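Chains as they are written, first to last, in our numbering: chain A, 1 to 401; chain B, 402 to 662.
Structure below.
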């Protein structure tokens with residue numbers, strides 16, 4: 001076999017990759033400092049605030065925005081709505097990179113990153129975090145399998161691509177189950193803090209809230225990621241497909257709003273909506289930005305059918321829903337009041353993320369964008385309409401019968 | 402519910418003189434630097450206006466809950482509740498996720514934020530001095546307390562003694578033994594003459610904090626199996642439906658020209 005080494009004769013590094021590379025470099029240096037001197041010197045985390053920006057942004061937001069992968073895999077493979085085929089690969093890639101970013105960020109945040117695999121040998125069944133850890137590890141494997149055909153096609157190993165296609169159904173089902181579990185379990189993480197999390201957010205139904213909102217976040221992410229990549233790679237935008245996704249969003253949002261307010265009414269906590277000061281404001285901000293505005297926007301046909309309308313709606317939806325994740329995991333969590341007599345190491349009850357802390361997350365996010373760009377450039381992620389025949393799964397009698 | 406026979410501390414805030422000998426004793430016994438002490442004296446400081454001044458302090462360390470939330474939360478099972486009371490921590494399996502610190506309603510476990518991965522950053526908290534207790538001694542803080550503000554014994558006896566003390570001096574104490582029922586009961590019981598919030602103790606319900614979380618976790622595996630079965634059924638159903646439709650399609654096309662069925 002002859003290798004063609006001059007595929008890209010006009011290869012040059014643009015301005016965006018340069019910026020991304022610089023941000024990744026900064027994050028790498030900060031991470032090295034953290035591994036050498038500990039978490040304290042570079043963050044504002046303390047014994048009163050053990051979890052901060054990294055958990056809210058990298059874990060809670062990172063996992064939520066990666067939910068498009070299982071939604072598209074489920075739509076195309078399980079429900080066999082094959083017209084969504086063009087959105088499948090980019091969504092799976094977004095999810096795959098998203099989860100890798102989550103894992104990398106956790107390796108910075110964990111006190112003993114070298115022991116992360118202990119979760120597989122020392123299992124504590126009552127721990128929500130264990131469930132999330134196991135699910136994320138397994139789902140990363142599933143995503144790798146789901147994405148492998150793209151890699152094999154890229155390097156022209158069609159046989160392997162077909163082989164994986166043939167046996168993909170069990171992995172797709174496993175992926176949907178694992179995603180359902182850990183998307184909802186991220187909410188369950190807070191169940192153990194009924195005395196710390198504000199009652200506007202703490203409810204036994206947190207896992208259901210998280211799963212419902214994760215669906216809207218996943219759909220929003222697919223729209224955002226398609227819109228941005230169509231602009232960057234100057235390819236066509238599948239507006240007719242995105243419109244159908246956008247049509248689903250108001251329905252899920254209505255269910256979500258019903259659950260949220262229904263739960264508050266059921267628990268007799270409606271009063272907190274107006275009496276909790278900053279917390280009430282945060283709650284309403286989250287509802288107005290993440291639920292009401294996108295509900296209205298995506299209910300309008302004109303908005304759904306325009307590229308700009310779709311992008312605007314998705315950005316607003318994501319901002320509101322990400323605010324929800326920050327509220328639940330950070331803003332609405334009350335830590336012990338400062339007492340007069342406390343040793344210095346216990347007395348830092350104010351938390352505000354430091355610049356290095358944010359830069360680590362920014363660097364990891366940049367790496368994700370960079371990786372998406374590179375993969376999309378060199379592998380058949382965005383399929384041409386012509387050669388989509390080989391990508392549709394053949395019927396799977398192994399499962400069907 | 403079965404009453405578990407085990408040891409507990411009893412702390413009486415009216416007796417504490419804020420000498421902090423317990424902090425020194427703990428540091429010496431467990432070789433902990435003073436700036437990372439497992440035990441600390443807390444309070445809101447001096448209250449009131451001269452000459453009616455008041456001040457209350459409390460010795461704060463692990464409550465050794467009956468239903469420890471740190472133990473429930475730890476993904477790798479680094480925590481263990483001994484039958485005789487102590488909640489102990491095993492640094493050898495700890496991955497440093499700090500979920501225990503989030504879970505603990507009392508904010509007890511603390512973490513080595515100033516250590517890198519080579520030095521090894523671990524969680525630390527009061528261990529109930531098992532090395533002393535197992536040899537028939539009292540925990541270091543109790544043994545050193547000059548005013549008997551800290552006492553140690555069978556949990557049942559301690560609860561009885563606490564209630565007897567309240568009954569003997571109802572004017573002196575708040576009629577409540579903190580820890581008797583809080584968070585499903587703790588092995589650290591507290592008597593006070595000022596509201597417990599002024600000692601830095603949070604208001605905790607009697608139901609263990611981890612109750613809901615553990616119930617949800619119990620449903621996880623059945624739910625996963627059920628959901629997997631449902632999805633498999635949907636997959637099979639859709640596949641069969643699709644196949645039928647596809648096999649009918651060419652037939653329909655042929656018949657269209659002639660006559661409908």
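From the three backbone atoms N, C-alpha and C, an ideal C-beta is built for every residue, glycine too.
Predicted model, so just to flag it, every value in this text is computed and none were measured.
Exercise. For the beta strand (DSSP E) that contains residue 443/B, what are its first and last residues?
Worked result: Unbroken beta strand (DSSP E) run through residue 443/B: 441-443.
Exercise. Quick one: does residue 176/A have its CB under 8 Å from some CB of chain B?
Worked result: For residue 176/A, at least one C-beta of chain B is nearer than 8 Å to its own C-beta.
Problem set entry | Closer than 8 Å to chain A by CB, residue 420/B | Judged by the 8 Å Cβ criterion, residue 420/B is not in contact with chain A.
Exercise. When the cut-off is 8 Å and only beta carbons count, does residue 596/B lie next to chain A?
Worked result: no
Exercise. Taking 8 Å as the CB-CB limit, is residue 451/B close to chain A?
Worked result: no
Exercise. Would you report the Cα separation of residue 354/A and residue 554/B, rounded to the nearest angstrom?
Worked result: 46 Å
For this session: Measuring only between beta-carbons, confirm whether residue 304/A sits less than 8 Å from chain B.
Result: Not closer than 8 Å to any Cβ of chain B, the Cβ of residue 304/A fails to qualify, so no.
Exercise. For residue 37/A, which residues in chain B fall below 7 Å Cβ to Cβ?
Worked result: At a C-beta separation below 7 Å, residue 37/A has these neighbours in chain B: 517.
For this session: Can you grab the Cα-Cα spacing for the pair residue 483/B / residue 541/B, in whole Å?
Result: Their Cα atoms are separated by approximately 19 Å.
Exercise. Of all the CB atoms in chain B, is at least one closer than 8 Å to the CB of residue 193/A?
Worked result: yes
Problem set entry | chain A within 8 Å of residue 629/B, Cβ atoms only | So, interface residue.
Exercise. With a cut-off of 8 Å, does the C-beta of residue 80/A fall near any C-beta of chain B?
Worked result: yes
For this session: State buried or exposed for residue 321/A, treating a residue as buried only when at least 16 other CB atoms are found within 10 Å of its CB.
Result: Looking at its Cβ environment, which holds 16 or more other Cβ atoms inside 10 Å, residue 321/A is buried.
For this session: Out of 559/B, 601/B, 548/B, 618/B, state which residue places its alpha-carbon closest to the alpha-carbon of residue 587/B.
Result: 559/B
For this session: Going by CA-CA distance only, name the one from 275/A, 129/A, 19/A, 68/A that's closest to residue 199/A.
Result: Each of 275/A, 129/A, 19/A, 68/A was checked against the Cα of residue 199/A, and the nearest Cα belongs to 275/A.
For this session: Could you tell me whether the Cβ of residue 499/B comes closer than 8 Å to any Cβ of chain A?
Result: yes
Problem set entry | Own chain partners of residue 283/A with C-beta closer than 6 Å, once the 5 adjacent residues on each side are dropped | 200
For this session: Answer yes or no: does any C-beta atom of chain A fall closer than 8 Å to that of residue 426/B?
Result: no
Exercise. Roughly how many whole angstroms lie between the Cα atoms of residue 574/B and residue 475/B?
Worked result: 37 Å
For this session: Using a threshold of 8 Å, state whether the C-beta atoms of residue 181/A and residue 371/A are closer than that.
Result: A distance of 8 Å or more separates the beta carbons of residue 181/A and residue 371/A.
Exercise. For chain A, is any of its Cβ atoms less than 8 Å away from the one on residue 490/B?
Worked result: Judged by the 8 Å Cβ criterion, residue 490/B is not in contact with chain A.
Problem set entry | Member of 279/A, 316/A, 280/A whose CA lies at the smallest distance from the CA of residue 297/A | 316/A
Problem set entry | Interfacial residues, the region 47-63 of chain A to chain B, with Cβ spacing under 7 Å | 47, 48, 50, 51
Exercise. Can you name the start and end residues of the beta strand (DSSP E) that residue 413/B belongs to?
Worked result: 408-413
Exercise. By how many angstroms is the C-alpha of residue 77/A removed from the C-alpha of residue 83/A?
Worked result: 11 Å
For this session: Return no unless some Cβ of chain A is closer than 8 Å to the Cβ of residue 581/B.
Result: no
For this session: Output the residue ranges of the beta strand (DSSP E) runs that lie fully inside the region 428-512 of chain B and measure 3 residues or longer, sorted by chain position.
Result: 441-443, 459-461, 480-482, 488-490
Problem set entry | For residue 126/A and residue 562/B, the rounded distance between their alpha carbons | Distance from the CA of residue 562/B to the CA of residue 126/A, rounded to the nearest whole angstrom, comes to 35 Å.
Exercise. Which residue's Cα is closest to the Cα of residue 106/A: 48/A, 144/A, 31/A?
Worked result: 31/A
For this session: Select from the region 159-186 of chain A all residues with a C-beta closer than 7 Å to any C-beta belonging to chain B, and list them in chain order.
Result: Along the region 159-186 of chain A, going in chain order, the ones with a CB nearer than 7 Å to a CB of chain B are 169, 173, 176, 177, 180, 181.
Exercise. Are the region 34-44 of chain A and the region 509-519 of chain B in contact at 8 Å, needing three or more beta carbon pairs?
Worked result: yes
Exercise. Looking only at its own chain, which residues have a Cβ that is under 8 Å from the Cβ of residue 252/A, when we skip the five neighbours before and after it?
Worked result: 212, 215, 216, 219
Exercise. Between the region 491-505 of chain B and the region 414-433 of chain B, do three or more beta carbon pairs fall short of 8 Å?
Worked result: no
Problem set entry | CB contact check: residue 119/A to chain B, cutoff 8 Å | yes
For this session: Let me know if residue 193/A comes out buried or exposed under the rule of 16 or more other beta-carbons within 10 Å of its beta-carbon.
Result: Burial of residue 193/A is indicated by the presence of at least 16 other C-beta atoms within 10 angstroms of its C-beta.
Exercise. Does the distance from the CB of residue 61/A to the CB of residue 325/A come in under 8 Å?
Worked result: yes
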